[in-house]
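Residue numbers (this note's numbering): 3 to 128.
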């Protein structure tokens, strides 16, 4: 019997399951937007919704990569929380027509940026 040709992640990271679930939800929301909302929303609102899905997917891919690399901690927390705030605020802005939520969206973006910068600093130390 031969041994597997891959090396498992040395420690469990919540980033991997979070990224997988966040990505699955992003795909579902993207399909929902394309097939259900495209006829019900204005072109501008549909573009806002799609921005939320796009950034959710970016975060999901980053979380999957972080989980596969064994990273956890604050970079993962900030990236996940930031993408949740960013995307959810856009979904609610469009879905409930709560326009003031557009002011909350940048907070999520700043948190995502902070998580990635924190990751960069940690990776320089390794």
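The beta-carbon is built from N, C-alpha and C at its ideal position, and this holds for glycine as well.
Three or more Cβ pairs closer than 8 Å define a contact, and the region 73-81 falls short of that threshold against the region 25-34. Our two residues, residue 121 and residue 50, have alpha carbons roughly 28 Å apart in a direct line. Just measuring C-alpha positions, the residue of 103, 74 and 54 sitting nearest residue 118 is 74. Following the DSSP letters along the chain, one finds residue 89 inside the alpha helix (DSSP H) bounded by residues 76-97. By the neighbour-count criterion, in which 16 or more other beta carbons inside 10 Å mark a residue as buried, residue 126 falls on the exposed side. DSSP places residue 60 inside the alpha helix (DSSP H), whose first and last residues are 45-71. Excluding five sequence positions before and after residue 52, the CB atoms of its chain that fall closer than 8 Å to its own CB belong to 32 and 35, given in chain order. The C-beta of residue 100 has fewer than 16 other C-beta atoms within 10 Å across all chains shown, which makes the residue exposed.
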